[in-house]
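K.L.:
Be aware that the sequence shown starts at 3, since it is given in my numbering, and climbs by one per residue. Don't be surprised by glycine CBs; every beta carbon is placed ideally from N, CA and C.
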Amino acid sequence: MTPNRNADRPRIDAHEKVLGRALYAADQPFPGLLHAMTVPATIAKGRVLSIDTAAALQVPGVVRVFTHDDFSQIRTTPAARGAYGRPGKGYQPMTAPQVRHRGEPVALVVAETLEAAVEGAEAVTVRYAEDPFSARMDDALASPEPDAAGQLASGDAEAAFTNAAHIVDVEYRHPQQHHNPIELISTTAAFEDGTLRIYEGTQSAAAFAGGLAGMMGMEPQALRGVSPYTGGGFGQKNGVQEQSVLVASAALLLRRPVKLVMPRGQLFHTASYRPQSRHRVRLAADGDGRLLAGIYETVQQNSRYDGFGSDHGANPPRMYGYGAWRGSERIVRVDTQTPGHQRAPYEHPASHATECALDELAGALGMDPVALRLANDTQRDPITGKPFSSRHLADCLRRGAALFGWERWTNRPGALVAENGDRIGLGVACGSYKAAMTPSVTTLRLSAGGQCRIATSGHEMGQGIRSVIAAELIDVLGVDPGKLDIRIGDTGHAPQHLTAGSWGAGSAAPAARAAALKLREELSRLTGAALSDEPVPVQLARTRRPYLEVTVDTVPLGKDRQAIEQLRRGMPVTTGPEYPDFLAFSWIAHLAEVHVEPSTGRVRVRRVVSVADCGRVMNRRTAESQVRGGVVWGIGAALREAGESDPRFGGVLNNDLADYVVPVNADVGAIDVDFIDEPDTRLNLSGVKGLGEVAMVGAAAAIVNAVHNATGKRIRHLPIRIEDLL
Numbered sequence: 003m004t005p006n007r008n009a010d011r012p013r014i015d016a017h018e019k020v021l022g023r024a025l026y027a028a029d030q031p032f033p034g035l036l037h038a039m040t041v042p043a044t045i046a047k048g049r050v051l052s053i054d055t056a057a058a059l060q061v062p063g064v065v066r067v068f069t070h071d072d073f074s075q076i077r078t079t080p081a082a083r084g085a086y087g088r089p090g091k092g093y094q095p096m097t098a099p100q101v102r103h104r105g106e107p108v109a110l111v112v113a114e115t116l117e118a119a120v121e122g123a124e125a126v127t128v129r130y131a132e133d134p135f136s137a138r139m140d141d142a143l144a145s146p147e148p149d150a151a152g153q154l155a156s157g158d159a160e161a162a163f164t165n166a167a168h169i170v171d172v173e174y175r176h177p178q179q180h181h182n183p184i185e186l187i188s189t190t191a192a193f194e195d196g197t198l199r200i201y202e203g204t205q206s207a208a209a210f211a212g213g214l215a216g217m218m219g220m221e222p223q224a225l226r227g228v229s230p231y232t233g234g235g236f237g238q239k240n241g242v243q244e245q246s247v248l249v250a251s252a253a254l255l256l257r258r259p260v261k262l263v264m265p266r267g268q269l270f271h272t273a274s275y276r277p278q279s280r281h282r283v284r285l286a287a288d289g290d291g292r293l294l295a296g297i298y299e300t301v302q303q304n305s306r307y308d309g310f311g312s313d314h315g316a317n318p319p320r321m322y323g324y325g326a327w328r329g330s331e332r333i334v335r336v337d338t339q340t341p342g343h344q345r346a347p348y349e350h351p352a353s354h355a356t357e358c359a360l361d362e363l364a365g366a367l368g369m370d371p372v373a374l375r376l377a378n379d380t381q382r383d384p385i386t387g388k389p390f391s392s393r394h395l396a397d398c399l400r401r402g403a404a405l406f407g408w409e410r411w412t413n414r415p416g417a418l419v420a421e422n423g424d425r426i427g428l429g430v431a432c433g434s435y436k437a438a439m440t441p442s443v444t445t446l447r448l449s450a451g452g453q454c455r456i457a458t459s460g461h462e463m464g465q466g467i468r469s470v471i472a473a474e475l476i477d478v479l480g481v482d483p484g485k486l487d488i489r490i491g492d493t494g495h496a497p498q499h500l501t502a503g504s505w506g507a508g509s510a511a512p513a514a515r516a517a518a519l520k521l522r523e524e525l526s527r528l529t530g531a532a533l534s535d536e537p538v539p540v541q542l543a544r545t546r547r548p549y550l551e552v553t554v555d556t557v558p559l560g561k562d563r564q565a566i567e568q569l570r571r572g573m574p575v576t577t578g579p580e581y582p583d584f585l586a587f588s589w590i591a592h593l594a595e596v597h598v599e600p601s602t603g604r605v606r607v608r609r610v611v612s613v614a615d616c617g618r619v620m621n622r623r624t625a626e627s628q629v630r631g632g633v634v635w636g637i638g639a640a641l642r643e644a645g646e647s648d649p650r651f652g653g654v655l656n657n658d659l660a661d662y663v664v665p666v667n668a669d670v671g672a673i674d675v676d677f678i679d680e681p682d683t684r685l686n687l688s689g690v691k692g693l694g695e696v697a698m699v700g701a702a703a704a705i706v707n708a709v710h711n712a713t714g715k716r717i718r719h720l721p722i723r724i725e726d727l728l
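In C-alpha cells form, the structure reads like this:
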C-alpha cells in the first residue's frame, strides 16, 4: 500500500495528558515508598576525608545514610556510563572517596518522607582535601588534547583559497548551555513480580536497564526498565544518570521501593549539558558567488574522564555544493561532569557558525543571502559524490521567502525602520540533520471487536511518537484511534532502542506499517481473497476468529539480521546518513524578522517562517509543534541562554530558572510553519524522515543574521546581549 497523506488529527495521548492520567516515572505509586536525596560535593576536585552522618540519622524519618563505603561494589564499566551509547571511562560517583566535579553525589539520604530526606541531606557534614582544577576550557589548567582529529575532507581546500575572488575567515563562539526539561530527572526502583523495576524518564529503557544490571552485578533479565512518558529528553536522558545506580542499589539493600527526584539546581552539575565550543570558518568563493572551498576547525570542551567526542563537521559540508572541504576538531579537558547531546547537539552550534559565515560572505559579494544559498544548491553529497535520497532545500527557501515577504530585504543594515523607530532586520539560515533509522521488534494484535494493541520500540518524550504509530495503523488497518493500546518505553513489552537523533519517527513508523501490512497479509491468507477497503477489524470479525496477532522484525536499510540481536542486547544500532546508494537528510529553511530598539539595544523576534523537508508528515499538529519548539530553542540560544561557570569554585553560577534565562511567551513572536511533505520512500516504506532535531538547526543563525541586518553589528558569540549592541 502506498502511504497516504495523513489527515490532521489530535495527538493520540492529548486527553490523557490534559486530564493528568498520563503518569510519568516519578508519578508511579508504590506502597511503602521511601524518598531519597543526594548530598552534593562542594568542591570541584579532590577527595572526601570524612563524612559525619550522626546529625542526619537523628532527623525523624531518616532510614539510612549511604556513602561510598556502601556502594564500593558498584562496577564502573566503560559501556555503562558512556555518553549516547559510546564507551566512556566509567566514572561513577560514590564508589570511592574521589571527587571529579562539583555537585556530584557524595552521600545519599533515604527517609520515609521527602521532607525528612531533604533535612537529613542538609545535616550531613563532609570534609574534603581539595585539588587544583579548571572549570572552563580557557582556564590555565585546562588540558587540550595533543592532536586535532580529522573530520570530513574532499579535494584540495587550501589550494582553492589561492585564487579565490572572495574569502571569509571568522571565528564564532558558542557558550555552555543546559537542558531544562519540565520533568526533572528522577529514578524510582521497586520490586514487582520478582524483578527490580526501574522507572525513569529515559530515552533508552533497554540500555539503561542493561547498564544498571551490569553495574550492580545482576543478570539483565532480573532488571526491567520502564519509561511510561518522558517530559522532555532532548539528549539529556539518553544514558545512565549519576543517581540511577545509587537509587537502584539502595532499594536492593533496603528491600523497599526508593524514589529520588533530582532538584533542578543539582542537575546543572550532575546531568549532561551542551559544551562550550569555538568554530573557525573559512570560505572561498568566485565572483559569481560559487563556493570554491570551506575549511572548518572546531574546539570543544569535555570532561577529564568520559568519551563524549566532537562531530561539528558532519553536516556543514553537505549543506551546499562546495568545491572542496577540510575539517578538524580538537578537545579540551576540564574538571566538570561529562557534556552530552542537547537538541541538535553538534548541528546547532555548527549551523550558527557556518550559516553566519555564509551571511558574511553574501555581504562581501554584495549578494542576496537567499540567492547565494540557491546558487550553491546541490543534489549530490560533495564529500562522497552520492546522491541524496531526497533534497528539497531549494523549495524550502523559495516557499519560505514567499511566505515571509523576503523581497523587503536590503543589504543596507538599518534601512528598514518600524513606525516606533525600531530598526528592522531580516535574516535567513538553513539547516540539515541526518535521516537515521533503528531496528525494531514489533508485535501487533487486532481483535474482532476492533481493539488494537501494538508493542514496539520507542519512547514518548512529548514529541508525539504514539501519534506517529497510530497514523500508520489507521492508514493501513482503518482502526478506531480510541481502541488503540500502544505499548512503548518498557523492556517488558518489546526490546527498546534508544530514542534520539531524530530517528524515532523514521524507525517507529516503518515498524508499525510493516506489522500492519503483515497482519493484512495474514488475514488475506485466512480469507483466501484480497482484502476490501472496509476497515480490517470488520473483515476479521467475519472470519469468526477472536483476534489475529503478528510479530515483525524490522531491519533498517544498510543493516542485516545482526541488528535485531544487538537490539535485544540493548545495544544502539543506528544507520544513516550514509546508505549504500545515497545519503539521507532532513532539511529546513528559517527566515527571521527582528526589531531592535536603538537606544537600549533590546531585541525582539517578531516573526519567523520555517519550511521543512522531513519526508512524509506523519501528524501535522505534532510536526508544527516540533518546529515551533525548535525555533523557540533558537531564540533562547541566540538571545538568552548561557551557563556561567565559576572559575573560583567550579560549578554553574546561574543554576536555576531565575538566572538561567530561557524565552518566555513575551519573547516569542509569530512562528509560521510549512512543510514540503514529499514522502522519501527510498529511505523506508513509510517515506518519513526525522524532524525534532532539524527544527532547531539554523534558527539561531537566522536571528543573528537578522540582528546584523538591523544594526550593522556582526556579533560572533552567543547569546547576543544588550551590551553587544550599545
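1) Check whether the Cβ atoms of residue 701 and residue 636 lie closer than 7 Å to each other.
2) I'd like the list of long-range same chain contacts for residue 266, defined as Cβ closer than 8 Å, with 5 residues on each side in sequence excluded.
3) Quick one: give me the first and last residue of the alpha helix (DSSP H) that residue 587 is part of.
4) So residue 230 and residue 491 are in contact, right, with Cβ under 8 Å, and what is the actual spacing, rounded?
5) Quick one: measure Cβ to Cβ for residue 444 and residue 426, integer angstroms, because I've assumed they're closer than 8 Å.
6) The beta strand (DSSP E) that contains residue 176, what's its start and end?
7) I'd like to check one pair, residue 108 with residue 66: are the Cβ atoms closer than 7 Å?
8) Spatial neighbours of residue 325 within its chain, please: CB distance less than 7 Å, with the 5 preceding and 5 following residues excluded, ordered by chain position.
9) Ignoring anything shorter than 3 residues, give me the beta strand (DSSP E) runs that lie fully in the stretch 28-74, in order along the chain.
10) How should residue 686 be labelled, buried or exposed, when 16 other C-beta atoms within 10 angstroms of its C-beta is the threshold for buried?
11) For residue 47 and residue 37, what's the separation of their Cα atoms in angstroms?
12) Just to confirm my understanding: we take residue 219, look at its own chain, exclude 5 residues before and 5 after, and list those with CB closer than 8 Å. What are they?
13) Our contact map puts residue 651 next to residue 104 with C-beta atoms below 8 Å; I'd like the distance itself, whole angstroms only.
14) Pull up the distance between the alpha-carbon of residue 442 and that of residue 564, whole angstroms please.
15) Going by C-alpha distance, which of 722, 10, 692 is nearest residue 439?
16) Going by Cα to Cα distance, which pick from 610, 159, 694, 653 is closest to residue 44?
17) Using 10 angstroms around the beta-carbon of residue 508, count the other beta-carbons present and answer buried if the total reaches 16, otherwise exposed.
18) Could you check the C-alpha separation between residue 168 and residue 682 for me, to the nearest Å?
19) Would you tell me roughly how many angstroms separate the C-alpha atoms of residue 708 and residue 640, rounded to the nearest one?
20) Do you know offhand how far residue 301's Cα is from residue 146's?
21) Can you tell me whether residue 571 is buried or exposed? The criterion is at least 16 other CB atoms within 10 Å of its CB, across all chains shown.
22) Tell me the DSSP secondary structure of residue 485 in three-state form.
23) Is it true that the CB of residue 176 sits closer than 7 Å to the CB of residue 351?
24) Give me the residue from 598, 19, 494 with the minimum Cα distance to residue 232.
25) As a quick exercise: from 205, 543, 276, pick the residue whose alpha carbon is nearest that of residue 574.
26) To the nearest angstrom, report how far apart residue 539 and residue 625 are at their CA atoms.
27) Would you please verify whether the beta carbon of residue 58 is less than 7 Å from any beta carbon of chain C?
28) If residue 499 sits next to residue 526, beta carbons under 8 Å apart, how far is it from one beta carbon to the other, in whole angstroms?
29) Quick one: what's got a C-beta closer than 6 Å to residue 465's C-beta in the same chain, skipping five residues either side?
30) Grouping DSSP H, G and I as helix and E and B as strand, with all else coil, what is residue 281?
31) So, for residue 578: in the same chain, excluding its five sequence neighbours on each side, which residues have a beta-carbon less than 7 Å away from its beta-carbon?
32) Within the same chain, show all residues whose beta-carbon is closer than 6 Å to that of residue 403, passing over the 5 residues directly before and after it, in chain order.
33) Please name the residue in 473, 405, 190 whose C-alpha comes closest to that of residue 31.
34) Do you know offhand how far residue 88's Cα is from residue 309's?
35) Closer than 7 Å by C-beta to residue 359: which residues in its own chain qualify, once you throw out the five before and the five after it? Chain order, please.
36) Here's the rule I'm using: 16 or more other beta-carbon atoms within 10 Å means buried, otherwise exposed. How should residue 317 be labelled?
P.N.:
According to the structure shown:
1) Cβ distance < 7 Å, so residue 701 and residue 636 count as in contact.
2) Closer than 8 Å at the Cβ level, and outside the excluded window around residue 266, lie 182, 186, 657, 658, 659.
3) Unbroken run through residue 587 is the beta strand (DSSP E), 587-598; no alpha helix (DSSP H).
4) About 6 Å separates the beta carbons of residue 230 and residue 491, which is inside the 8 Å limit, making them a contact pair.
5) Contact between residue 444 and residue 426 fails: their C-beta atoms lie close to 51 Å from each other, not under 8 Å.
6) Start and end: 168-176.
7) Contact flag unset, no.
8) So the qualifying residues of the chain are 157, 162, 293, 294, 295.
9) Within the stretch 28-74, complete beta strand (DSSP E) segments of at least 3 residues are found at 36-42, 48-54, 64-68, given in chain order.
10) Looking at its Cβ environment, which holds 16 or more other Cβ atoms inside 10 Å, residue 686 is buried.
11) Between residue 47 and residue 37, the alpha-carbon positions lie close to 28 Å from each other.
12) Counting only residues of its own chain and dropping the five nearest sequence neighbours on each side, residue 219 has a CB closer than 8 Å to the CB of 75, 77.
13) Indeed they touch by this definition, with Cβ atoms about 7 Å apart.
14) Between residue 442 and residue 564, the alpha-carbon positions lie close to 12 Å from each other.
15) If we check each option's Cα against that of residue 439, 692 comes out closest.
16) Proximity to residue 44 across 610, 159, 694, 653 peaks at 653, based on C-alpha coordinates.
17) The residue is buried, with at least 16 neighbouring Cβ atoms inside 10 Å.
18) So the two alpha carbons sit approximately 37 Å from each other.
19) Near 11 Å, if we compare the C-alpha coordinates of residue 640 and residue 708.
20) Going by the C-alpha atoms only, they are around 9 Å apart.
21) Classification for residue 571: exposed.
22) Assigned with DSSP and collapsed to three states, residue 485 falls in helix.
23) Their beta carbons are under 7 Å apart, which means residue 351 touches residue 176 by this criterion.
24) Nearest of 598, 19, 494 to residue 232, Cα basis: 19.
25) Answer by Cα proximity: 205.
26) Cα to Cα, the separation comes out at about 29 Å.
27) Absent from the structure: chain C. Only one protein chain is present.
28) Contact between residue 499 and residue 526 fails: their C-beta atoms lie close to 30 Å from each other, not under 8 Å.
29) Closer than 6 Å at Cβ, skipping near neighbours: 694.
30) In this structure, residue 281 counts as strand in the three-state DSSP scheme.
31) Once the five neighbours on either side are set aside, the close Cβ partners of residue 578 are 436, 437, 438, 439, 586.
32) Setting aside the 5 residues that flank it on each side, residue 403 is surrounded in the same chain by 372, each with a C-beta closer than 6 Å to its C-beta; the list follows chain order.
33) Comparing Cα-Cα distances from residue 31 to each of 473, 405, 190, the minimum goes to 190.
34) Any answer about residue 88 is weak, because its pLDDT of 49 lies below 50 and its placement is not dependable; what the coordinates show is given next. One C-alpha to the other measures close to 7 Å.
35) Excluding five sequence positions before and after residue 359, the CB atoms of its chain that fall closer than 7 Å to its own CB belong to 170, 172, 283, 285, given in chain order.
36) Around the beta carbon of residue 317, 16 or more other beta carbons sit within 10 angstroms, so the residue counts as buried.
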